[in-house]
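Enquirer:
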Amino acid sequence: EGETSIIEDASKYIKKLKHKVDKINNETTSEEYFCDPTDPMVTVETLEKGFMIKVMSSKNEPGMLVCVLEVFEDLGLEVVEARVSCTDSFSLHAIGISNNDDCESMDGEAVKQAVAVAVSTWSDSQDPKG
76 EGETSIIEDA SKYIKKLKHK VDKINNETTS EEYFCDPTDP MVTVETLEKG FMIKVMSSKN
136 EPGMLVCVLE VFEDLGLEVV EARVSCTDSF SLHAIGISNN DDCESMDGEA VKQAVAVAVS
196 TWSDSQDPKG
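Numbering (the working numbering), first residue to last: 76 to 205.
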């Protein structure tokens, strides 16, 4: 009887976890649909010697990759690793390290702002309505 109780408890726990995962997946999906698809998303994570930068946009405009890489260059960031997808949407995951010795002085929020401004300015300049 003790084994049955353990199995029942485990089964209930698994169902509860599955429900949580489904709920999170539904929230993520609904956020994707309610986000402005023309507004690129930029996230920056500070690493020990640089930054992990992610840029995602539902639209893939010609030249966006060049635009982002120019910002990295302007900031003094050297791209040491990057994954880019430009099929239907635009997705960039890059790791950039500072060319300067004082990489501590570079702020992740400043990197995010610079990339976000460049990407949104680029998107606006490519918009036929604008």
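Glycine included, every Cβ here is placed at the ideal spot set by N, Cα and C.
Just so you know, these numbers come straight off a predicted model, no measurement behind them.
Which residues does DSSP list as the beta-bridge partners of residue 120?
Expert: Bridge partners of residue 120: 127.
Enquirer: If we count Cβ pairs, one from each stretch, closer than 8 Å, do we get three or more for the stretch 85-98 versus the stretch 159-178?
Expert: Taking 8 Å as the limit for Cβ pairs, the verdict is that the stretch 159-178 does not touch the stretch 85-98.
Enquirer: Quick one, are the C-beta atoms of residue 156 and residue 174 less than 7 Å apart?
Expert: No. Outside cutoff.
Enquirer: Is it right to say residue 200 is buried, meaning 16 or more other beta carbons lie within 10 angstroms of its own, or is it exposed?
Expert: Counting Cβ neighbours within 10 Å, residue 200 comes out exposed, since fewer than 16 surround it.
Enquirer: State yes or no: is the C-beta of residue 74 within less than 7 Å of the C-beta of residue 150?
Expert: Past the boundaries of the shown model lies residue 74; the chain is included only from 76 to 205, so the question cannot be answered.
Enquirer: On the premise that residue 132 lies in contact with residue 198, defined as a C-beta separation below 8 Å, what is that separation, rounded to the nearest angstrom?
Expert: 7 Å between Cβ atoms; contact.
Enquirer: Using DSSP with H/G/I as helix, E/B as strand and the rest coil, what is residue 183?
Expert: Of the three classes helix, strand and coil, the one that applies to residue 183 here is helix, per DSSP.
Enquirer: Note down, in chain order, each residue of its chain lying with its Cβ closer than 6 Å to the Cβ of residue 166, except the 5 sequence neighbours on either side.
Expert: Only 131, 160 meet the Cβ criterion.
Enquirer: What does the alpha-carbon distance come out to for the pair residue 164 and residue 170?
Expert: About 20 Å.
Enquirer: Roughly how many whole angstroms lie between the Cα atoms of residue 146 and residue 186?
Expert: Near 9 Å, if we compare the C-alpha coordinates of residue 186 and residue 146.
Enquirer: By DSSP, does residue 151 sit in helix, in strand, or in coil?
Expert: Three-state DSSP puts residue 151 in coil, outside helix and strand.
Enquirer: According to DSSP, residue 172 sits in a beta bridge with which residue or residues?
Expert: DSSP, once it has assigned bridges, lists 125, 153 as partnering residue 172.
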